[in-house]
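In the working numbering, the protein residues as written are 6 to 385.
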């Protein structure tokens, strides 16, 4: 009888051990599966957030400023494989800032004040006109405060005025105490009106609300024109001077034919701003106030970074601008052009092969502002 009990006990222990081992094996397998799924999801999420991971060693560096010592290497790495690095970086900017509210711009009373229905200022950084009874209708203008090298409100990016918004444009100039306007569009391009001419021709003044605007000087160069305006408040008789820098050789949606002229133009503007002490925002506009506007603002900031920090952060600054206003640096060709400007500024005495030579034309993104836009112009 004792032996029988021992046999039963032995078999019971054996079965219990097998069951326990099986349970532990199942639990261990389940744990390993969970770990594997977790790692896969994390990696998938990371790839979605950063399409450059695994495809370029620049992925971990693109948010950082690039030293001018290594910028050439950085440039050529982005330009490899027909500029795939540029394309990936630019595409990753598409959704930046787009989840922010634009309630004021979408009010029925304000819709007619927008040149384009999808280029609208974000509520948190829009410029507000002064009113005796502030509200989102009477204080609205399609304009956004933009960051610069020294502060977050160094520039105002705005659309080219419409006939119905010229008075508001000059109100903004006066209220913001602006002494410098940078215009990077022509009033008419390709037979289409891009911007209402908001300044007087000749010496005859124009009245815009309570402001009297007079052109006091005009100096035309090959690719730009410098003007000086006298702006007088008719209610107070106070008078101010506003400098107008107008670059005339920049095709819409595209880039200038070379970097030298725009770099020189930017230097004229920067000298004026530094001379005046940057006491007020600099107003910059093209037609929509995003493509050419974003490019010239970025160029000004990046060249300051170059000189003062000996490093430039192109991707990071374009991303920063897009948090303030949509579509800043509107096309991939403009994004590449910024890099070309830094390359040429870095090596002004050397003849660099232009990255556009023998390359296919760069086309705008599918979500570009102008649905019927043609292919971008090639650089020479």
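The beta carbon of each residue, even a glycine, is placed where N, CA and C say it ideally should be.
Would you say residue 255 and residue 306 are within 8 Å of each other, going by their C-beta atoms? Along the chain shown, one-based indexing puts residue 255 at 250. Along the chain shown, one-based indexing puts residue 306 at 301. No.
What's the gap between the Cα of residue 234 and the Cα of residue 333? As a position in the chain shown, residue 234 is number 229, starting the count at 1. As a position in the chain shown, residue 333 is number 328, starting the count at 1. If you take the alpha carbons of residue 234 and residue 333, they lie about 28 Å apart.
Is residue 101 near residue 304, with beta carbons less than 8 Å apart? Looking up residue 101 in the chain shown gives position 96. Looking up residue 304 in the chain shown gives position 299. For residue 101 and residue 304, no; Cβs fall outside 8 Å.
Residue 162, DSSP secondary structure in three states: Position 157 of the chain shown, counted from the first residue, corresponds to residue 162. If DSSP states are grouped into helix, strand and coil, residue 162 belongs with the strands.
Near residue 158, which residues of its chain fall below 8 Å by C-beta distance, leaving aside the five closest residues on each side in sequence? Along the chain shown, one-based indexing puts residue 158 at 153. So the list reads 150, 151, 152 and 286, once near-sequence residues are dropped.
Give the DSSP-derived three-state secondary structure of residue 74 in the structure shown. As a first step, residue 74 is located in the chain shown; it is residue number 69 there, counting from the start. Looking at residue 74 - three-state DSSP - the assignment turns out to be coil, as it is neither helix nor strand.
Looking only at DSSP bridge pairs, what is residue 229 linked to? Taking the chain shown and counting its residues from 1, one reaches residue 229 at position 224. DSSP, once it has assigned bridges, lists 252 as partnering residue 229.
Continuous alpha helix (DSSP H) stretch holding residue 344: start and end: The residue you call residue 344 lines up with position 339 of the chain shown. Taken as a continuous stretch (DSSP letters only), the alpha helix (DSSP H) holding residue 344 covers 337 to 351.
Please work out which residues of its chain come closer than 6 Å, Cβ to Cβ, to residue 217, disregarding the five sequence neighbours upstream and downstream, and give them in chain order. Start at 1 with the first residue of the chain shown, and residue 217 comes out as number 212. 210, 237 and 239.
Candidates 344, 337, 278 and 340: closest to residue 154 by CA position: Walking along the chain shown from the start, residue 154 turns up at place 149. Ranking the options by Cα distance to residue 154, first place goes to 278.
Minimum length 4: unbroken alpha helix (DSSP H) runs contained in the segment 262 to 346: 265 to 281, 296 to 314 and 319 to 327
Spatial neighbours of residue 270 within its chain, please: CB distance less than 6 Å, with the 5 preceding and 5 following residues excluded, ordered by chain position. Reading the chain shown from its first residue, position 265 is the one you call residue 270. 229 and 252, listed in sequence order.
Quick one: residues in its chain with C-beta nearer than 7 Å to the C-beta of residue 221, no 5 flanking neighbours on either side, listed in chain order? Locating residue 221 in the chain shown gives position 216, counting from the first residue. Once the five neighbours on either side are set aside, the close Cβ partners of residue 221 are 233, 234 and 235.
Expressed to the nearest angstrom, what Euclidean distance is found between the alpha-carbon atoms of residue 95 and residue 342? As a working note, residue 95 is residue 90 in the chain shown. As a working note, residue 342 is residue 337 in the chain shown. The alpha-carbon atoms of residue 95 and residue 342 are separated by roughly 12 Å.
Could you tell me if residue 173 is buried or exposed, where buried requires 16 or more neighbouring beta carbons within 10 angstroms of its beta carbon? By 1-based counting over the chain shown, the position of residue 173 is 168. Buried is the call here.
Of all the options 98, 74 and 86, which has the alpha carbon lying nearest to the alpha carbon of residue 321? Translated into the one-based positions of the chain shown, residue 321 becomes position 316. Minimum Cα distance to residue 321 is reached at 98.
With DSSP as the reference, identify every bridge partner of residue 211, one or two as the case may be. Position 206 of the chain shown, counted from the first residue, corresponds to residue 211. DSSP lists 218 as partners of residue 211.
Do you know whose CA, among 85, 311, 335 and 299, lies nearest residue 161's CA? Here residue 161 refers to the residue found at position 156 when the chain shown is read from its first residue. Here the closest residue by C-alpha is 299.
Going by alpha carbons, who is nearest to residue 168 out of 248, 201, 289 and 352? In the chain shown, the residue the question calls residue 168 occupies position 163. Here the closest residue by C-alpha is 201.
Measure the alpha-carbon distance for residue 144 versus residue 133 and round it to whole angstroms. Working through the chain shown from its first residue, we reach residue 144 at position 139. Working through the chain shown from its first residue, we reach residue 133 at position 128. Each residue's Cα considered, the two are about 5 Å apart.
Coarse secondary structure for residue 223, derived from DSSP in three states: Here residue 223 is taken as the residue at index 218 of the chain shown, counted from 1. In the structure shown, residue 223 sits in a strand (DSSP, three-state: E or B).
Does residue 282 pass the burial test, meaning 16 or more other C-beta atoms within 10 Å, or should it be called exposed? On the chain shown, position 277 is the one that residue 282 refers to. When all chains shown are included, residue 282 counts as exposed.
Between residue 344 and residue 83, what straight-line distance do the alpha-carbon atoms span, to the nearest angstrom? The residue given as residue 344 occupies position 339 in the chain shown. The residue given as residue 83 occupies position 78 in the chain shown. Straight-line Cα distance between these residues: approximately 10 Å.
Skipping 5 residues on each side, what residues in its chain have a beta carbon closer than 6 Å to that of residue 349? Taking the first residue of the chain shown as 1, we reach residue 349 at position 344. For residue 349, where only same-chain residues beyond five positions count, the Cβ hits under 6 Å are 264.
Is there a Cβ from chain D that is less than 8 Å from the Cβ of residue 165? No chain D is part of this structure, which consists of one protein chain only.
Selection from 273, 297, 274 and 73 that minimises the alpha carbon distance to residue 261: Position 256 of the chain shown, counted from the first residue, corresponds to residue 261. Of the listed residues, the one whose Cα sits closest to residue 261 is 297.
Span separating the alpha-carbon of residue 126 from that of residue 109: Within the chain shown, the letter at position 121 stands for residue 126. Within the chain shown, the letter at position 104 stands for residue 109. Between residue 126 and residue 109, the C-alpha separation is close to 8 Å.
From the DSSP output, in three-state form, read off residue 199 for me. For this step, residue 199 is matched to residue 194 along the chain shown. Coil.
Thinking C-alpha only, which one of 338, 219 and 135 is nearest residue 90? Position 85 of the chain shown holds residue 90. Closest by alpha carbon: 338.
What did DSSP end up calling residue 172 once you bin it into helix, strand or coil? Your numbering for residue 172 matches position 167 in the chain shown. DSSP places residue 172 in helix when its eight states are reduced to three.
Buried versus exposed call for residue 69 [16 or more other C-beta atoms within 10 Å across all chains shown]: To locate residue 69, count along the chain shown from 1; it is residue 64. Its Cβ having fewer than 16 others within 10 Å, residue 69 is exposed.
Buried or exposed for residue 347, please, with buried defined as at least 16 other CB atoms from any protein chain shown within 10 angstroms of its CB. As a working mapping, residue 347 is identified with position 342 in the chain shown. By the 10 Å Cβ count, residue 347 comes out buried.
Rounded separation between residue 224 and residue 206 - CA only: Looking up residue 224 in the chain shown gives position 219. Looking up residue 206 in the chain shown gives position 201. Using only the alpha carbons, I get a separation of about 13 Å.
Reference residue 312; option with closest CA among 111, 275 and 116: For the purposes of this step, residue 312 is taken as the residue at position 307 of the chain shown. Residue 275 is the option with its Cα nearest to residue 312.
Bridge partner(s) assigned by DSSP for residue 238: To locate residue 238, count along the chain shown from 1; it is residue 233. In the DSSP output, where bridge partners are listed per residue, residue 238 has 216.
Rounding to the nearest angstrom, what Cα-Cα distance links residue 75 and residue 340 in this structure? Position 70 of the chain shown, counted from the first residue, corresponds to residue 75. Position 335 of the chain shown, counted from the first residue, corresponds to residue 340. So the alpha carbons of these two residues sit roughly 19 Å apart.
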